[in-house]
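Chains as they are written, first to last, in my numbering: chain A, 3 to 308; chain B, 3 to 308. Remarks on the structure that follows.
2 protein chains.
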Amino acid sequence: MRYGVIGMGAIGGFYGAKLAHAGKEVHFLSHSDYQYVKERGLQVDSCDGSFHLPHVNAYGAASDMPKCDVVLIGLKTVNNRLLPELLPPLLKEDTLVVLIQNGIGVEEDVQKMFPEVQLAAGLAFICSAKTEPGKVNHQCYGYINIGNYSCKQQEKIDEVVNDFRQAGVDANEVEYLEARWKKAVWNMPFNGMTVALNTQTDILLQHPSTLQLIKDQMMEVIEAAQACGVKNIDETFAEKMIYNTVHMTPYSPSMKLDFEFKRPMEIDYLYTRPIEEARKAGYRMKKLEMLEAELRFLDLRQRTSE
Amino acid sequence: MRYGVIGMGAIGGFYGAKLAHAGKEVHFLSHSDYQYVKERGLQVDSCDGSFHLPHVNAYGAASDMPKCDVVLIGLKTVNNRLLPELLPPLLKEDTLVVLIQNGIGVEEDVQKMFPEVQLAAGLAFICSAKTEPGKVNHQCYGYINIGNYSCKQQEKIDEVVNDFRQAGVDANEVEYLEARWKKAVWNMPFNGMTVALNTQTDILLQHPSTLQLIKDQMMEVIEAAQACGVKNIDETFAEKMIYNTVHMTPYSPSMKLDFEFKRPMEIDYLYTRPIEEARKAGYRMKKLEMLEAELRFLDLRQRTSE
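Here it is as structure tokens:
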């Protein structure tokens, strides 16, 4: 199978490099450092063992790339508006596109852009960062869940999962909608609250008032998920997420990093869409509505003060 | 009538000085600048006409003060724990104590400290600040509403209202509980949100996301008030408050000033108590619960980082 990777950042760079390192054919599209990587290769500093790829198929334009069996999307969702330009050159009749992205509603919107394309959700549980040109820093975790959204070829999903496993990445197939909402249980409270209060995951859990608030927000996501038809989720899942986070290395979620580096935040798919989906299903996520409003305010202030 | 004023800050200093300027007998208790005021008098720089009081009855200890017919409390509620020490020397059998303070539940708690004392709520609508020793800066507004809480002498309430009017202060008697909740409609959104987002009233109303959030929070207060038995309040009151604020000079509410000057914030009576009262009456103020949690976090961080 031939893999294409759109976006050679913390996500696309890591998972693409792992596949290439295992001998898979991988072609990377990179806006910023394809030239650097083409000349000097890609370095992955990883808690699971660092490695260097001396020869990387890196491209600066999608039109130069070959058609692929599987395309991994490693863009931030704020850049999905570029997909109508970036994705078509890589597509053939049965290409599977895996959206390794955050949030709720991503697949629906991409499917509207490409009604015929087979889509899957990729849910990455990883702490990684693109620290400099040609270098990905993988701090911890790294497993990926794949949820079938509109792929008619089950064997292709299986093959992607197997390829990841062969590449040393813990991969599993999961139910798409349940997986998206379960990830939102962690993402919605921690991404926004670390921005709104300019803090870190561990400090939020050390203060009784914000610990309770995080729990309340997680319960809002769980009740929203239930309203949207996800059955296999309840309060114990929130407790597990909080327990895991207390025992995690303190870190800044992706939205916190985006805000710190004055990049646009993924408010649309991390907040607005799940809030809308829940509201359509008759449930109001009131505390997360407030968080969304605060984030919109902070985002606009940051962009207009420059 | 002899007036006592506990707290010679932006509130007690202003209203006490207005009464004294009109020839009433007023005795001030001041922690910080009684000596300065005793020697050099009290200056009021006011949009309604500035004036100077050369001779002021200022005291540094309550035990030196005479018994009073009316005591105005101009302390921040965070200092109400001092009342059992400060108030008794001023009390005689029929003293009326007017709590010119913010929040919900203040009268209940002070009544518990002094079960026999006659209490009234004083609701000040004023922009004023104590800028330096012996000087109060009154920027705009200034009217005061008096709500009877446990005063058995209606004529005493009337007399206080009349004395204020004679002193050039627009004063009116109002229904206590309704007035407290109506003031909370403005106070709860604007005090906390200007702190949480480090901004001003006008900027909150310029952003569509925070304008909607302020409206939602005002509706939470209105629905809480209704649940607590206040009938004469509905959505039009929120619209009027927003309209008035849009046309107000942008300014920092008292909690914002407290936070900026690293003073403790009045979270208990401005947030915790109304949230509790509403919850007891079966209504959850969810966005304001979240704001309370954020304020507790910010308050604790500020106090522990020093």
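Every residue, glycine too, gets a C-beta built ideally from N, C-alpha and C.
Asked	Found
Identified DSSP bridge partners for Y145 of chain B	B:F127
For L31 of chain B: DSSP bridge partner residues	B:I8 and B:Y61
DSSP-derived helix/strand/coil call for N82 of chain B	helix
Below-9 Å beta-carbon distance, E296 of chain B vs any chain A residue	yes
Buried/exposed call for Q219 of chain B, threshold 16 Cβ in 10 Å	buried
Neighbourhood of I235 of chain A by C-beta distance below 6 Å, restricted to the same chain and skipping five residues each side	I224 and A227
Residues, ordered as in the chain, of the region 201-218 of chain A that lie near chain E by beta-carbon distance below 7 Å	Going by chain labels, chain E is absent from the structure shown, which instead holds the protein chains A and B.
Short-range partners of chain A found in the region 182-199 of chain B, where Cβ spacing is below 8 Å	A198 and L199
CB contact check: R303 of chain B to chain A, cutoff 9 Å	yes
Alpha-carbon to alpha-carbon, G284 of chain B and P191 of chain A	26 Å
Assigned exposure category for G51 of chain B - 16 Cβ within 10 Å defines buried	exposed
Separation of S254 of chain A from L272 of chain A, as counted between CA atoms	16 Å
For A173 of chain A: DSSP bridge partner residues	A:I146
N-terminal and C-terminal residue of the beta strand (DSSP E) that F116 of chain B is part of	Careful: F116 of chain B lies outside any beta strand (DSSP E) and carries neither H nor E.
Any chain B beta carbon closer than 9 Å to L293 of chain A	yes
Span of the beta strand (DSSP E) around L98 of chain B	L98 to I102
Beta-carbon neighbours of K2 of chain A, restricted to chain B and to distances below 7 Å	For chain A, the structure presents residues 3 to 308; residue 2 of chain A sits outside this window and is missing.
Under 7 Å from the C-beta of F116 of chain B: neighbouring residues of chain A	Near F116 of chain B there are no residues of chain A at all, since even the closest Cβ is about 31 Å away, more than 7 Å.
Same chain, Cβ closer than 6 Å to A181 of chain B, five either side skipped, listed in chain order	L125, N147 and G149
Residues that H54 of chain B bridges to, as DSSP identifies them	B:Q45
Coil, strand or helix - K289 of chain B by DSSP	helix
Identity of the residue in B:E27, B:K233 and B:V58 nearest Y38 of chain B by Cα	B:V58
Contact set between F299 of chain A and chain B, taken where Cβ atoms lie within less than 7 Å	L199, H209, S211 and T212
Backbone CA spacing between E247 of chain B and A63 of chain A [nearest angstrom]	Looking at the sequence shown, residue 247 of chain B is not Glu but Thr. If I take the Cα positions, the gap works out to 52 Å.
Inter-residue Cα distance where the pair is L300 of chain B and K288 of chain B	19 Å
Boundaries of the beta strand (DSSP E) in which V163 of chain B is found, first to last residue	Where V163 of chain B is concerned, there is no enclosing beta strand (DSSP E), although the alpha helix (DSSP H) it sits in stretches over Q156 to Q168.
Minimum C-alpha distance to T97 of chain B - residue among B:Y5, B:V138, B:G107 and B:Q45	B:Y5
Span of the beta strand (DSSP E) around I75 of chain B	V72 to I75
Straight-line gap, I205 of chain B to S256 of chain B (C-alpha atoms, nearest Å)	17 Å
Bridge partner(s) assigned by DSSP for K137 of chain B	B:Q45 and B:E134
Contact under 9 Å by Cβ, I159 of chain A with I13 of chain A	no
Which residues DSSP lists as bridging A122 of chain A, in chain order	A:V100 and A:N150
Meets three-Cβ-pair contact criterion under 8 Å: the region 201-216 of chain A and the region 84-93 of chain A	no
Per-residue burial, K94 of chain A [other beta carbons within 10 Å of its own, 16 or more giving buried]	exposed
Pairwise C-alpha distance: Q304 of chain B and P117 of chain B	36 Å
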